[in-house]
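All letters in the sequence shown, in the order written, are residues 1 to 360 by the UniProt record's numbering. C-beta atoms are modelled at their ideal positions from N, C-alpha and C, and glycine is treated no differently.
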Amino acid sequence: MTGPPPILAVGAAAIDEWYAVSNLPEPDGGAFASEVTTAFGGVGANVSVALDRLGREVGLVTRVGDDEYGRRAREYLADTGVDAAHVSVADDASTRSLILSDPAGERAIVTAGESFRNLRLDEADREALAATEAVFVTGYAPDAVSRAVLDVAASAADPPALVFDLSGSVEELVGRGTEPETIHRFLHAADLFVADNVAAAAYFGGAEAARERVAAAQRAQDGDRSALTGDGWPRAVLTHGAEGMTVVAGGAVTEFDAFDVEVVDATGAGDSFVAGLIDRWVAGRGAGSGSGDSGAGSSDEGDDAGSSDEGDDADSSDDGVAAGVRFAAAVAAINCTSRFAQPGVPSREEAEAFLAERGR
1 MTGPPPILAV
11 GAAAIDEWYA
21 VSNLPEPDGG
31 AFASEVTTAF
41 GGVGANVSVA
51 LDRLGREVGL
61 VTRVGDDEYG
71 RRAREYLADT
81 GVDAAHVSVA
91 DDASTRSLIL
101 SDPAGERAIV
111 TAGESFRNLR
121 LDEADREALA
131 ATEAVFVTGY
141 APDAVSRAVL
151 DVAASAADPP
161 ALVFDLSGSV
171 EELVGRGTEP
181 ETIHRFLHAA
191 DLFVADNVAA
201 AAYFGGAEAA
211 RERVAAAQRA
221 QDGDRSALTG
231 DGWPRAVLTH
241 GAEGMTVVAG
251 GAVTEFDAFD
261 VEVVDATGAG
271 DSFVAGLIDR
281 WVAGRGAGSG
291 SGDSGAGSSD
301 EGDDAGSSDE
311 GDDADSSDDG
321 VAAGVRFAAA
331 VAAINCTSRF
341 AQPGVPSREE
351 AEAFLAERGR
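Next comes the structure, spelled out in structure tokens:
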């Protein structure tokens with residue numbers, strides 16, 4: 001490969017310390033862990049590994065510590081097809097997470113370590129980001145990094161498509177993640193903006209306010225900024241866990257249901273969902289790529305009221321929106337049926353079989 005992969009993800013590669021607990025403790029409460037184990041995680045790594053599992057060429061921009069956690073993270077990454085050319089190693093403690101998961105699959109996460117928080121983009125990182133087709137950025141990225149990604153995209157002769165994922169409360173991000181002012185810039189600059197329930201409530205003031213703000217931001221755009229062409233861009237998805245998701249495309253709002261599965265562990269479900277959206281909506285459709293290579297075939301069905309056989313070449317249509325979100329929801333649903341963030345991520349064939357079994 002002479003240049004960067006067509007997709008670059010900016011986010012943490014971390015070791016998850018996973019506790020299977022009897023219950024998620026209330027304040028001053030307790031719980032019993034029947035099992036303690038470790039697994040590979042981090043938002044950037046989760047999205048990258050999921051895209052790799054779906055057959056996409058993807059690289060990760062991150063920073064790990066020169067310690068046991070960092071060595072293990074690099075070893076896990078080396079066992080995947082994710083390009084690690086932009087993974088730097090530093091002296092500070094590696095980012096890692098403590099995950100409490102109850103029998104119903106609900107979880108609580110505590111993150112420690114300074115390695116990813118201290119990430120800064122060097123010249124090689126900036127050149128790669130400017131030359132790739134699509135860039136994913138998590139809201140947990142340091143604000144200086146998120147601002148740099150925006151600046152690189154704005155100045156690139158052939159700008160990459162931007163995907164931004166806002167997770168967690170605004171207060172949680174202050175001092176270590178993307179700041180509200182930069183989030184606002186992404187809202188008006190990203191081709192795809194994703195936010196979960198917690199983030200929507202914290203940043204927008206609730207689900208209804210989020211829908212209105214996102215739709216207004218889309219309608220205000222001049223239509224020439226997006227590297228992706230056709231109706232229904234830019235796009236945003238507000239996720240509601242098992243309650244489904246809200247898609248705002250070109251200012252129009254549509255609700256979708258989630259798939260009903262037996263949840264074993266919801267860790268990483270949101271990251272695999274975003275990877276599915278990138279795969280179906282963004283990959284191969286960046287600046288200068290025309291309609292792109294879907295890599296997913298052209299037989300995904302639309303929604304219940306839509307027409308069939310809509311592929312990526314028709315992805316700007318309402319049916320293309322539906323097919324994309326259904327595929328991403330399938331990837332996330334399958335991932336929830338296995339423990340940990342990454343082992344349950346399906347291949348493309350497994351996701352398509354899941355949809356076919358449900359008449360999609």
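| query | result |
| --- | --- |
| Between which two residues does the beta strand (DSSP E) holding A130 run? | Counting along the chain, A130 falls outside any beta strand (DSSP E), though it belongs to the alpha helix (DSSP H) covering E123 to A131. |
| Scan the segment 77-149 and note each continuous beta strand (DSSP E) run of 3 residues or more that stays entirely inside, going in chain order. | 83-90, 96-101, 107-112 and 134-138 |
| Between V82, R71, A322 and A148, which has its C-alpha nearest L54's C-alpha? | V82 |
| Once the 5 residues before and after A190 are set aside, which same chain residues still bring their CB inside 7 angstroms of it? | L162, V163, F164 and P234 |
| Taking the alpha carbon of V110 as the point to measure from, which residue in R71, L51, A134 and Y19 has its own alpha carbon closest? | Y19 |
| Any idea if T246 is buried or exposed, counting beta-carbon neighbours within 10 angstroms, 16 or more meaning buried? | buried |
| Give me the residue from V64, L77 and F259 with the minimum Cα distance to F40. | L77 |
| Whole angstroms is fine: what's the gap from D122's alpha carbon to R72's? | 24 angstroms |
| Taking the alpha carbon of E262 as the reference point, which residue from L192, A242, F273 and T37 has its own alpha carbon closest? | A242 |
| Report the option in W281, A210, G232 and V10 whose CA atom is closest to the CA atom of V198. | A210 |
| A112 to G65, Cα distance in whole Å? | 12 angstroms |
| Within the same chain, show all residues whose beta-carbon is closer than 8 angstroms to that of A207, passing over the 5 residues directly before and after it, in chain order. | N197, A200, A201, L238, H240 and T246 |
| Please report the straight-line C-alpha distance between A130 and I15, rounded to a whole angstrom. | 29 angstroms |
| May I ask you to report which of helix, strand or coil DSSP gives residue 388? | A question about residue 388 goes unanswered here, because the residues of the chain that appear run from 1 up to 360. |
| Unbroken beta strand (DSSP E) runs of length 3 or more, entirely within the segment 28-68: which are they? | 33-41 and 58-65 |
| What's the gap between the Cα of D92 and the Cα of L119? | 11 angstroms |
| By how many angstroms is the C-alpha of P6 removed from the C-alpha of residue 371? | The chain is shown only over 1 to 360; residue 371 falls outside these bounds and no answer can be derived. |
| Taking only three categories from DSSP, how would you classify A190? | coil |
| For R219, count neighbouring Cβ atoms within 10 angstroms of its own Cβ and tell me buried if that reaches 16, exposed if not. | exposed |
| Would you call L277 buried or exposed, if buried means 16 or more other Cβ atoms sit within 10 Å of its Cβ? | buried |
| Output the distance between the C-alpha atoms of V58 and A45, rounded to the nearest integer angstrom. | 10 angstroms |
| Cutting at 6 angstroms between CB atoms, please list the residues of its own chain near A50, excluding the five before and the five after it. | S272, A275 and V345 |
| Can you tell which of A128, A217, D257 and D265 has the C-alpha that lies nearest to the C-alpha of V248? | A217 |
| So the candidates are P343, H184, T267 and R176; which of them puts its Cα closest to the Cα of G105? | T267 |
| Can you tell me the Cα-Cα spacing of H184 and L24, whole angstroms? | 33 angstroms |
| Give the range of the beta strand (DSSP E) segment to which V10 is assigned. | I7 to V10 |
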